[in-house]
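**Student:**
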Amino acid sequence: MTDPAVDAPQTPTGSAPRGLDLDRLAAYLAVHRPELAGPLSARLIAGGKSNLTYLLRAGDREVVLRRPPLGHVLATAHDMTREFRVISALAPTAVPVPEALLLCADADVLGAPFYLMERVDGEVYRRREQTDALTAGQRRDLAMAMMDTLAGLHMVEPAAVGLADFGRPDGYLARQVRRWAGQLDRSRSRPLPGIDELRDALAGSVPEGANAGRIVHGDYRLDNLLAAVEPVAVRAVLDWEMATLGDPLADLGLLLTYWDVLGDSDSAEGNPVADGIGPRAGFPTGAELIDRYAGRSDVDVGPLHWHVALGCFKLAVICEGIHYRHTLGQTLGGGFDRIGEMVAPLVEHGLRAVKGN
Numbered sequence: 001m002t003d004p005a006v007d008a009p010q011t012p013t014g015s016a017p018r019g020l021d022l023d024r025l026a027a028y029l030a031v032h033r034p035e036l037a038g039p040l041s042a043r044l045i046a047g048g049k050s051n052l053t054y055l056l057r058a059g060d061r062e063v064v065l066r067r068p069p070l071g072h073v074l075a076t077a078h079d080m081t082r083e084f085r086v087i088s089a090l091a092p093t094a095v096p097v098p099e100a101l102l103l104c105a106d107a108d109v110l111g112a113p114f115y116l117m118e119r120v121d122g123e124v125y126r127r128r129e130q131t132d133a134l135t136a137g138q139r140r141d142l143a144m145a146m147m148d149t150l151a152g153l154h155m156v157e158p159a160a161v162g163l164a165d166f167g168r169p170d171g172y173l174a175r176q177v178r179r180w181a182g183q184l185d186r187s188r189s190r191p192l193p194g195i196d197e198l199r200d201a202l203a204g205s206v207p208e209g210a211n212a213g214r215i216v217h218g219d220y221r222l223d224n225l226l227a228a229v230e231p232v233a234v235r236a237v238l239d240w241e242m243a244t245l246g247d248p249l250a251d252l253g254l255l256l257t258y259w260d261v262l263g264d265s266d267s268a269e270g271n272p273v274a275d276g277i278g279p280r281a282g283f284p285t286g287a288e289l290i291d292r293y294a295g296r297s298d299v300d301v302g303p304l305h306w307h308v309a310l311g312c313f314k315l316a317v318i319c320e321g322i323h324y325r326h327t328l329g330q331t332l333g334g335g336f337d338r339i340g341e342m343v344a345p346l347v348e349h350g351l352r353a354v355k356g357n
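Under full-length UniProt numbering, the first residue of the sequence shown carries the number 1, and numbering increases by one thereafter.
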């Protein structure tokens with residue numbers, strides 16, 4: 001994984017970014033992956049606002065380590081086993097994923113489960129100065145490659161890659177509403193006007209979900225991809241912590257939430273989640289993205305307003321959880337001070353979307 005923005009320089013064994021104990025990690029690797037045992041150095045890769053991602057150097061080899069965030073971890077929201085399983089299963093498919101190297105479910109090693117994956121060359125496009133450097137053609141091609149990759153993921157037959165039991169497709173959308181409502185209750189630290197109304201409106205209007213049973217990424221967006229632009233290609237899809245079997249329209253609704261709701265908001269400029277994406281940053285419109293997806297998938301896209309509303313609710317809850325961790329001093333890296341500002345506009349747009357407006 002390549003990302004020019006990092007939180008800290010490489011550190012010698014015994015002196016590591018928060019969340020890593022390099023001595024304990026080296027001892028564990030000596031038994032389970034001796035070729036990676038050390039000497040170890042590491043740095044936190046900036047940008048991720050949920051699970052923590054580190055670039056780990058083991059001798060002359062670089063790999064990537066993923067672990068849950070520090071403190072206030074929402075139940076089931078940071079499952080390393082699910083991430084490791086899904087990228088392992090997708091390895092032989094056309095969906096680009098990093099090679100899975102090692103899963104450690106023993107929380108005694110680093111204080112939480114973690115896994116290692118191969119480093120993939122590419123760039124994570126998350127900041128306006130990055131996307132402004134692209135030509136108009138590159139921005140368009142990158143957006144279309146993003147949609148082609150998502151369509152390819154949704155076309156993978158779960159049973160063919162050993163993921164038939166990866167989730168419960170029946171009732172997926174209703175469970176999503178209940179799940180994020182529960183996460184909201186565990187993340188409340190301040191008044192959030194309208195969010196309960198949005199929750200209730202979603203719960204009272206759940207669509208049938210005719211497309212259920214596909215592999216769903218759960219947080220598909222531009223800055224969860226490693227990409228190249230000469231030529232334009234998606235090198236790897238990252239951050240599979242919310243993957244399951246469900247309705248692919250949930251992925252589309254959340255992508256449109258990032259793209260058209262946050263990306264076209266006054267709060268987008270400089271925001272660590274919304275900066276550099278959407279039509280305001282010179283990319284195609286959300287409608288063009290959906291047209292591209294529909295032309296390469298057998299999924300019936302149908303009306304997406306309910307799924308956008310779900311995306312707004314889900315992202316509002318995630319942002320509130322991150323905001324809460326930030327207030328407790330449990331976030332690493334920069335850009336967290338503005339996450340809480342995103343909750344109110346997400347709720348407002350979600351209320352309009354759930355009513356079909």
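Cβ atoms here follow ideal geometry from the backbone N, Cα and C, with glycine treated the same way.
Note that the structure is a prediction, hence the values are computed from the model and not measured.
Provide the residue span of the beta strand (DSSP E) that contains S88, from first to last.
**Tutor:** Careful: S88 lies outside any beta strand (DSSP E), inside the alpha helix (DSSP H) at 80-90.
**Student:** When you compare the stretch 55-72 with the stretch 38-46, are there three or more beta-carbon pairs, one atom per stretch, that lie closer than 8 Å?
**Tutor:** yes
**Student:** Looking at the secondary structure, which residues open and close the beta strand (DSSP E) in which Y54 lies?
**Tutor:** 52-58
**Student:** Could you please give the first and the last residue of the uninterrupted beta strand (DSSP E) stretch that includes T244?
**Tutor:** 244-246
**Student:** Does the beta-carbon distance from D298 to A210 come in below 8 Å?
**Tutor:** no
**Student:** Could you please give the first and the last residue of the uninterrupted alpha helix (DSSP H) stretch that includes L289?
**Tutor:** Start and end: 286-294.
**Student:** M242 and G213: beta carbons closer than 8 Å?
**Tutor:** no
**Student:** Between D23 and the ligand SAH, is the CB less than 7 Å from at least one heavy atom?
**Tutor:** In the structure shown, the ligand SAH is absent, as is every other ligand, since no ligand is present at all.
**Student:** Go through its chain and collect everything with a Cβ distance to R221's Cβ below 7 Å, but skip five positions before and after it.
**Tutor:** L255, Y258
**Student:** Name, in chain order, the residues that DSSP records as bridge partners for V232.
**Tutor:** V229
**Student:** With a 10 Å radius around its C-beta and 16 neighbouring C-beta atoms as the bar for buried, classify D132 as buried or exposed.
**Tutor:** Exposed, by the Cβ-count rule.
**Student:** Could you tell me the alpha carbon to alpha carbon distance between N357 and Y125, rounded to whole angstroms?
**Tutor:** 30 Å
**Student:** With DSSP collapsed to three states, give me the class of A353.
**Tutor:** helix
**Student:** What separation, rounded to the nearest whole angstrom, lies between the Cα atoms of L150 and G321?
**Tutor:** Taking the straight line joining both Cα atoms gives about 26 Å.
**Student:** For the alpha helix (DSSP H) containing R139, name the first residue and the last one.
**Tutor:** Here the alpha helix (DSSP H) through R139 covers 136-155.
**Student:** Given Y189, which residues of its chain have a CB within under 6 Å of its CB, disregarding the five upstream and five downstream residues?
**Tutor:** Checking the displayed sequence, the identity of residue 189 turns out to be Ser instead of Tyr. Excluding sequence neighbours, S189 sits near Y324.
**Student:** Using the C-alpha atoms, what's the distance from I277 back to E118?
**Tutor:** Our two residues, E118 and I277, have alpha carbons roughly 27 Å apart in a direct line.
**Student:** How many Å lie between V261 and V31 at the Cα?
**Tutor:** If I take the Cα positions, the gap works out to 48 Å.
**Student:** With respect to the beta strand (DSSP E) encompassing L36, which residues constitute its N-terminal and C-terminal limits?
**Tutor:** Note, L36: premise wrong, no beta strand (DSSP E); not H, not E.
**Student:** If the criterion is Cβ atoms closer than 8 Å, does the pair F114 and R178 meet it?
**Tutor:** no
**Student:** By a C-beta neighbour count over all protein chains shown, 10 Å radius and 16 as the cutoff for buried, is R85 buried or exposed?
**Tutor:** buried
**Student:** Can you tell me the Cα-Cα spacing of E35 and L29, whole angstroms?
**Tutor:** 8 Å
**Student:** Strictly by DSSP, which residues pair up with F114?
**Tutor:** C104
**Student:** Starting from R61 and walking both ways along the beta strand (DSSP E), at which residues does that stretch end?
**Tutor:** 61-67
**Student:** Which of the three DSSP states is assigned to A164 in this structure?
**Tutor:** coil
**Student:** Quick one: what does DSSP say L184 is sitting in, helix, strand or coil?
**Tutor:** helix
**Student:** Should E83 go down as buried or exposed, given a rule of 16 or more other Cβ atoms within 10 Å for buried?
**Tutor:** buried
**Student:** What span of residues does the beta strand (DSSP E) with I215 cover, start to end?
**Tutor:** Following the DSSP letters along the chain, one finds I215 inside the beta strand (DSSP E) bounded by residues 214-216.
**Student:** Does the Cβ of D223 have 16 or more other Cβ atoms within 10 Å, making it buried, or fewer, making it exposed?
**Tutor:** buried
**Student:** On the criterion of 16 or more Cβ atoms from any shown chain inside 10 Å, does P96 qualify as buried, or is it exposed?
**Tutor:** buried
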